[in-house]
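First comes the structure, then the notes that go with it.
Protein chains: 2
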Amino acid sequence: MAEEYVQSLARGLAVIRAFDAVTPELTLSDVARKTDLTRAAARRFLLTLVDLGYVRTDGRLFSLSPRVLELGYAYLSSLSLPEVALPHLERLVAEVHESASVSVLDEADVVYVARVPTTRIMRVTIAIGTRFPAHCTSMGRVLLAGLSPAELDAFLAGNPLERLTPRTVTSPVALRSELDRVRAQGWAMVDQELEEGLRSIAAPIRNRAGRTIAAVNLSSHASRTTLESARRDLLPPLLATAARIEADLHAAASREATP
Amino acid sequence: MAEEYVQSLARGLAVIRAFDAVTPELTLSDVARKTDLTRAAARRFLLTLVDLGYVRTDGRLFSLSPRVLELGYAYLSSLSLPEVALPHLERLVAEVHESASVSVLDEADVVYVARVPTTRIMRVTIAIGTRFPAHCTSMGRVLLAGLSPAELDAFLAGNPLERLTPRTVTSPVALRSELDRVRAQGWAMVDQELEEGLRSIAAPIRNRAGRTIAAVNLSSHASRTTLESARRDLLPPLLATAARIEADLHAAASREATP
DNA sequence: ACTCCAATGTTCGTAATACGAACGAGAGTT
DNA sequence: AACTCTCGTTCGTATTACGAACATTGGAGT
């Protein structure tokens, strides 16, 4: 490792990540296998995490405790965006009856920071913190379109565009031209490129300087809408919501500057 | 330290926690001061966290990246509770126009795992992961009332009941009898014991075995409601919501057992 | 019921890791 | 311009965390 690097921290965080929604309870050996650590090492990290309150155990099985949320909490609460956006998302969902979300860009992924689901039961659960590849999501397209040319070049150079469905755009050239269109029209629509049957439409949220800092979207099953109906019925309320969030965000920013 | 303990992991997590909503951007020295580490140590951990993608830096200032959410994400998404509860919270908020939340107990604190705010601007921001002392919150009272006698004894023995407002119940004896009442009546009301002007009412969410696993609440400003109006207008919808969440949760649990 | 096997969890001497004192760089003040 | 104070960085060392080896548990086979 070129840089100064604390191996134990990296390994300890890997232990936290070893737990997932499918297997929320793991034995010591399970953790060792998932993290490529020796059992002795896994044990040390687990005992440390139990001591710190991040992990619980009955002696055999280990699971995450609610305290792990505090690690993301500082980030979430420092971001005024979710707080500001939520009421507007509620209103949007009440109007169009589709799930609405807000996300930010992190490396090559979009990360959900606020979400209002419809009452419909959905196949994929999307919690705060969920990550999806930017290149094949509507919010990702909007966020990528907001990057500087240099940043976009770096993104395309560093990240292969993985094919997740037959419709996924995987050519950098094609994505570039799609991003040009998104930038020009001010919104993005993605049709079943992330997952079969999933269609979504997104709009940017910009700061005062005009830089895209987040995206808001509506997503629905392909069976419920056509591309035209989405554009006709969902786009106008979505754009109005994005504008309202932006306005509130700018107002909140001024309030902070001059309290 | 009696147990096997990885110091570097504990220190590294402390570095993550050094960031908060008030000061989301810190210099290396700021972090060192906040964590009681030497600057050299703080530097090692920060560089490691930058390398792992959990922290961003412009060279001078450090801040958390959205990736920190992934540490809490596994916990959140393994918990079916927020997913199940959210639609019911939405409905409740639409009906009574007060903010609704769901929390679980962790050590001596309640931890918010789902929340639907009203459009009203509030003084205190409550994000997912926010912690409050259990003894002086309505959800905390409901959760403490659901503990076994032995667990409650351990709680009272291990945690001094801090006075946060003049009204906070700080005597273990008084709290015990209040918890008895809460257990008998099936809900809790707390009037400005956490913060002046804040009044809230909570109900338990139980698993099939009858154990209280979470609490749902409504909170409002003392100026907007009286104790009687809260009990008359808020309690019935709150109890109905708790019942609906419980029913859905039990249904989801059976679906999981026999897919 | 007993033995054996395979997996799990734990111990402890060692070497690599992370430690912090000492150093150097940079900004603000007199 | 010289000084000072705080910041970030380096590097030899001692402590920390490492994992091979050992102990323990649970289950399959006879």
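Chains A and B, in that order, give the protein sequences. Residue 260, in our numbering, is where the first sequence stops; the numbers in between run on with no holes. Residue 260, in our numbering, is where the second sequence stops; the numbers in between run on with no holes. Think of the CB as a built atom: it goes at the ideal place given N, C-alpha and C, for glycine as much as any other residue. As the structure is a prediction and not an experimental result, all values here were calculated from the model.
Contact of B/Ser9 with chain A by beta-carbon distance below 7 Å involves Val7, Ser9 and Leu10.
The contact set of B/Thr131 on chain A, defined by CB atoms closer than 7 Å, consists of Tyr74 in chain order. Taking 9 Å as the Cβ-Cβ cut-off, the stretch 198-217 of chain B has no residue approaching chain A. Residue environment analysis places B/Gly13 among the buried positions, since at least 16 neighbouring C-beta atoms fall within 10 angstroms of its C-beta. Contact between B/Leu176 and B/His136 holds: their C-beta atoms lie close to 6 Å from each other, under 8 Å. For B/Asp110, the number of other beta carbons within 10 angstroms of its own is at least 16, and it is reported as buried.
CA-CA distance, A/Pro238 to A/Ala151, rounds to 33 Å. The three-state secondary structure of A/Val23, taken from DSSP, is coil.
The alpha-carbon of B/Ser139 is positioned some 29 Å away from that of B/Ala19. Listed in chain order, the beta strand (DSSP E) runs fully inside the stretch 93-173 of chain B are 100-107, 110-117 and 132-134, counting runs of at least 3 residues. For B/Arg232, there is no enclosing beta strand (DSSP E), since its DSSP letter is neither H nor E. According to the DSSP secondary-structure assignment, A/Val56 is paired through a beta bridge with A/Leu65. Approximately 7 Å separates the beta-carbon atoms of A/Trp188 and A/Leu240; this is inside 8 Å, confirming the contact. Restricting attention to A/Pro205, A/Thr49 and A/Leu77, the CA atom closest to the CA of A/Ile246 is found in A/Pro205. In the structure shown, A/Asp192 falls within a strand segment according to DSSP collapsed to helix, strand and coil.
7 Å or more divides the Cβ of B/Ser104 from the Cβ of B/Pro118. With fewer than 16 other CB atoms across the displayed protein chains lying within 10 angstroms of its CB, A/His98 is exposed.
Taking 7 Å as the threshold, the shortest C-beta distance from B/Thr126 to chain A falls below it. For B/Leu77, the enclosing alpha helix (DSSP H) covers residues Leu70 to Ser79. Nearest CB-CB separation between A/Phe63 and chain B: not below the 7 Å threshold. Annotation: A/Arg142 has no Cβ neighbours in chain B at a cutoff of 7 Å; minimum Cβ distance is about 18 Å.
For the pair A/Leu199 and B/Thr49, the CB atoms are not nearer than the 7 Å cut-off.
Per DSSP, A/Val32 has no beta bridge partner at all.
In this structure, the beta-carbon distance from B/Val16 to B/Thr36 falls below 7 Å.
A/Ala115 has a beta carbon lying at 7 Å or more from every beta carbon in chain B. Listed as beta-bridge partners of B/Leu219 by DSSP are B/Ala101 and B/Ile202.
Fewer than three Cβ pairs drawn from the stretch 28-45 of chain B and the stretch 73-84 of chain B lie within less than 8 Å of each other, which leaves the two stretches out of contact. Here B/Arg256 carries a helix assignment [DSSP, helix/strand/coil]. Counting along the chain, B/Val16 sits inside the alpha helix (DSSP H) bounded by residues Gln8 to Arg18. The stretch 43-60 of chain A makes no contact with the stretch 84-94 of chain B; the number of CB pairs closer than 8 Å stays below 3. Residue state for A/Arg209 is assigned as coil, using DSSP reduced to three classes. One thing to note: B/Leu65 has its Cβ no nearer than 7 Å to the Cβ of A/Ala128. A buried status is given to A/Thr242, since no fewer than 16 other beta-carbon atoms sit within 10 Å of its beta-carbon.
Residue contact with chain A for B/Asp59: absent (no Cβ-Cβ distance below 7 Å to any residue of chain A). Residues of the same chain with a CB within less than 8 Å of the CB of A/Ser30, apart from the 5 flanking positions on each side, are Arg40 and Ala43 in chain order.
Within chain B, the residues Ala75, Ser78 and Ser79 have their CB atoms less than 7 Å from the CB of A/Ala22, given in chain order.
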